[in-house]
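Visitor: I have a structure here, written as structure tokens, and I will follow up with some questions on it.
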Amino acid sequence: MTAYLIRRFVQMILVVIIASAAIYLLLNVAPGGPLSGINLGADRRSRFSEQDKRRLEEYLGLHLPGPMRYVVWLLGEDWLDDIGRPDWQRLSCRAEAELCSRGVVRGDFGKSWKIAQGVSVSDLINNRLANTLLLMTSSTLLSLIVALPIGVYSAVHQYSRTDYAVTTFSFFGIAMPVFWFGLMLIFFIGGSQSWVYQTLKLPYLPTGNVTSVRDPLPGSLLNLLNAQPGSLADRLVHLILPTIVLSLLYMAGWSRYMRSSMLEVLRQDYVRTARAKGLVERAVIARHALRNALIPVITVVTLQIPSLFSGAILTETVFNWQGMGRLYVDALFSEDWPIVMALLFITAILYVLATLLADLLYTVVDPRIRFA
Amino acid sequence: MAVAEATAESLLTLREESRLSLIWRRFRRHRLAVLSGVVILFFLIVALLAPLIAPYDPLAQDLKLKNAGPSREHLLGTDELGRDTLSRLMYAARISLFVAFTVVLISETIGVIIGAISGFYGGWVDSLIQRFVEFMLSLPTLPLLLALSAIFRDVTFPGLSREWSSAIVIVLVLTSLQWITASRLVRGMVLSLREQEFTQAARALGMSNMGIILRHMIPNAIAPVIVSATLNLGGVIVVESALSFLGFGIQPPIPTWGNMLQNVQNDMWTQPAKAFYPGLCIFLASLSFNYIGDGLRDALDPRLKL
């Protein structure tokens with residue numbers, strides 16, 4: 117087991133390094149780049165000269181050859197004597213440590229280029245992480261609580277009316293474009309122009325954001341609850357719509373998984389044996405079938421862990437939820453590569469860790485599986 | 061005796077002949093799959109005939125008629141630049157379906173070949189390919205797709221217009237991750253096929269490895285590939301529209317179902333058709349492909365698990 121773990125860890129480190137190097141190089145050879153549009157719309161006085169551009173490149177470290185830049189990004193520059201910085205910036209890293217990057221391996225993801233110029237990427241992540249964690253955990257938990265029992269029930273009562281409904285639901289959920297579903301929900305129950313408010317005269321939900329900034333308008337649910345901006349009630353009400361969208365999406369997939377894996381197990385001989393022994397159907401399902409049927413589900417749920425960090429890109433965009441997914445899209449849009457790299461790097465690490473965790477959990481649930 | 065032999069013979073040939081019709085008969089039993097087939101056929105016809113049947117030029121703006129509601133002239137109304145929504149939907153079907161079919165065709169072909177080679181040869185070839193596949197699988201899909209399309213957003217191919225360049229970029233980006241599932245599927249099938257007697261027989265008859273792969277491995281492993289390809293068509297349509305929606309796919313003014321939903325949030329209450337129909341098309345196309353895949357699985361081999 118120890119040998120296996122060591123081998124896995126070595127593999128994981130290799131995967132992360134190769135993947136991040138590949139992305140880093142791709143980002144850097146891509147046409148465009150952070151300085152490409154810098155003179156757009158600039159008049160003669162505010163134009164950046166070639167010299168200015170070169171200084172900016174040197175400041176951002178863009179003048180180094182690609183592989184060297186990756187090494188600096190990964191390991192930091194404070195151990196290098198001369199990294200080719202311009203004269204006005206050539207200071208000793210030992211004296212002014214905060215000017216030199218310490219590298220990703222020591223938790224320094226650099227500074228944002230565009231979205232929040234000069235702010236460290238770690239600070240940006242810290243600001244967003246809580247929002248994403250809140251959204252992702254609530255929808256993950258909600259969908260697990262609903263999807264697993266539904267899946268089991270629908271497998272036990274295969275071809276029943278409920279089973280048919282569940283299968284249809286999961287087909288719809290899998291085919292549904294999340295962003296459109298979000299838009300339609302907003303159309304029907306979000307905002308003062310929504311159908312719920314205009315036609316049914318019921319309180320409406322906020323269409324986006326994590327909290328409100330102003331006092332709620334009359335007619336909204338927030339106003340009904342008298343929720344002050346930033347209060348707990350305010351946050352919870354804002355959470356409703358994005359959570360519904362994400363949970364329905366996850367439920368569709370997970371209930372189908374649970375169902376097919378349960379069906380598979382119920383066909384096995386030992387289930388028949390358990391029934392033949394005269395066990396109550398309840399016990400057959402709960403004690404004998406469910407335990408084995410959970411194995412494939414564990415993988416799926418464990419692989420969900422990285423998303424708790426990286427967020428839901430589409431849902432966060434539709435609901436203007438200031439989380440990690442939104443940050444990623446915004447960073448990609450403004451070619452803010454330090455942020456993009458940081459998010460991809462952390463997500464990749466969480467991904468490989470989650471894969472390992474899933475494999476290890478396999479051995480716990482099914483002791484027959486051994487790794488060597 | 062002779063009669064029995066003749067009956068057996070005719071039964072055998074009969075079965076041989078009716079393979080396709082047997083599949084069709086089984087497929088027909090899945091009502092939703094047949095209905096979905098009709099829906100997809102409809103989409104395909106509209107897409108092919110779009111230049112003939114679209115009432116307006118999808119790019120023609122009529123600034124006097126911005127965000128108009130449905131009327132006799134504009135059946136589904138117009139968008140914020142006064143372009144006819146119905147015509148845009150029809151032209152969008154061309155791009156969305158073209159991207160979906162091309163991606164699936166290319167990636168399944170690549171996947172089948174790589175999977176067959178990996179499973180058939182085994183040894184270091186297999187472990188090399190499998191390590192790479194595991195590597196690709198250990199990366200987050202949507203963030204990676206977004207990053208790749210952001211990186212190659214400005215790539216243009218010489219001799220191609222901007223919209224076709226960006227369509228090809230999207231096809232390549234989606235293909236780069238899509239072939240993996242097919243390759244794993246085929247590898248698994250080939251691993252068991254190559255141990256069977258007919259493979260030994262083929263080898264004993266002096267068939268080359270490549271010949272065995274092409275004549276025996278791939279045809280025998282094709283059924284699950286067809287099913288998964290159909291299911292993937294639905295997936296690719298959704299992913300492509302998501303990329304376009306976020307602004308990383310095919311760029312406006314060229315309409316795709318995904319990018320027609322960009323920025324609808326501001327005026328979707330005054331002009332609901334603009335927000336409703338593009339999404340409905342994505343949903344219907346993807347749902348139909350899923351049902352067809354489901355029907356094909358039942359028709360080709362009910363024991364298939366995908």
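So the sequences go chain by chain: A and B.
Per our numbering, the first sequence starts with residue 117, numbered consecutively.
Per our numbering, the second sequence starts with residue 61, numbered consecutively.
Glycine residues also receive a C-beta, built at the ideal position from the N, C-alpha and C atoms.
1. Based on Cα-Cα distance, which residue from A:A428, A:T418, A:L341 lies nearest to L362 (chain A)?
2. Using the C-alpha atoms, what's the distance from Q325 (chain B) back to L299 (chain A)?
3. Among B:G183, B:S96, B:M150, B:R91, which residue has its Cα nearest to the Cα of G294 (chain B)?
4. What do you reckon, is the C-beta of D385 (chain A) under 7 Å from a heavy atom of the ligand GDP?
5. Which stretch, first to last residue, makes up the alpha helix (DSSP H) that contains Y275 (chain A)?
6. Could you give the distance in angstroms between the alpha-carbon of V94 (chain B) and the alpha-carbon of L356 (chain B)?
7. Please report the straight-line C-alpha distance between P279 (chain B) and M249 (chain B), rounded to a whole angstrom.
8. Does the distance from the C-beta atom of L303 (chain B) to that of I240 (chain B) stay below 8 Å?
9. Counting only runs of 3+ residues fully inside the region 347-434 of chain A, write out the beta strand (DSSP E) ranges in chain order.
10. Report the rounded CA-to-CA distance for S131 (chain B) versus E140 (chain B), giving the unit in angstroms.
11. Under the rule that 16 or more other beta-carbon atoms within 10 Å means buried, what is K416 (chain B), buried or exposed?
12. Could you check which residue in B:L291, B:T330, B:P332 has the C-alpha nearest to that of F161 (chain B)?
13. Out of B:L135, B:V98, B:P115, B:H90, state which residue places its alpha-carbon closest to the alpha-carbon of Y337 (chain B).
14. On the three-pair Cβ rule with 8 Å, is the region 140-160 of chain B touching the region 312-319 of chain B?
15. Under 8 Å, do L149 (chain B) and T138 (chain B) count as touching if we go by C-beta distance?
16. Quick one: does Y444 (chain A) have its CB under 8 Å from some CB of chain B?
17. Where does V475 (chain A) fall in DSSP's three states?
18. Would the region 397-417 of chain A and the region 294-311 of chain A be scored as touching if the rule is three or more Cβ pairs under 8 Å?
19. What does DSSP give as the partner residue(s) for T138 (chain B) in the beta ladder?
20. Is the beta carbon of R154 (chain B) closer than 8 Å to that of A114 (chain B)?
21. Any chance you could list the beta strand (DSSP E) runs of at least 3 consecutive residues sitting entirely within the region 151-221 of chain B, in chain order?
22. Using the three-state DSSP reduction, which class does S236 (chain A) fall into: helix, strand or coil?
23. Quick one, which of A:F285, A:A291, A:L337, A:F295 has its alpha-carbon nearest S308 (chain A)'s?
24. Consider the Cβ of W184 (chain B): report whether some Cβ of chain A lies at a distance smaller than 8 Å.
25. Measuring CB to CB, does V164 (chain B) end up less than 8 Å from I177 (chain B)?
26. Show which residues of chain B have a CB atom less than 9 Å away from the CB atom of P422 (chain A).
27. DSSP beta-bridge partners for L321 (chain A)?
28. Report yes if the C-beta distance between P200 (chain B) and P422 (chain A) is below 8 Å; otherwise report no.
29. If you follow the alpha helix (DSSP H) that P332 (chain B) is part of, which residue opens it and which one closes it?
30. Can you have a look at F102 (chain B) and say buried or exposed, based on whether 16 or more other CB atoms are within 10 angstroms of its CB?
31. Taking the alpha helix (DSSP H) that F87 (chain B) falls in, what are its first and last residues?
32. Are I342 (chain B) and S301 (chain B) closer than 8 Å when you measure CB to CB?
33. Using a Cβ-Cβ cut-off of less than 9 Å, list which residues of the region 338-359 of chain B approach chain A; keep chain order.
34. Let me make sure I understand the geometry here. Which of B:D327, B:F258, B:L206 has the alpha-carbon closest to that of F449 (chain A)?
35. Please list, in chain order, the chain A residues whose beta carbon lies closer than 8 Å to that of F212 (chain B).
36. Spatial neighbours of E380 (chain A) within its chain, please: CB distance less than 8 Å, with the 5 preceding and 5 following residues excluded, ordered by chain position.
Guide: Short version:
1. A:A428
2. 7 Å
3. B:S96
4. The ligand GDP is not part of this structure, which contains no ligands at all.
5. Segment: none, Y275 (chain A) is in no alpha helix (DSSP H) and carries neither H nor E.
6. 10 Å
7. 11 Å
8. no
9. none
10. 16 Å
11. Here chain B has residues from 61 to 366 only, and residue 416 (chain B) is not among them.
12. B:L291
13. B:L135
14. yes
15. no
16. yes
17. According to the sequence provided, residue 475 (chain A) is Asp. The question's Val does not apply to it. D475 (chain A): helix per DSSP, three-state reduction.
18. no
19. B:D144
20. no
21. none
22. strand
23. A:L337
24. no
25. no
26. P200
27. A:G306
28. yes
29. 332-360
30. exposed
31. 79-89
32. yes
33. P338, G339, L340, I342, F343, L344, A345, S346, L347, S348, F349, N350, Y351, D354
34. B:L206
35. A146
36. A409
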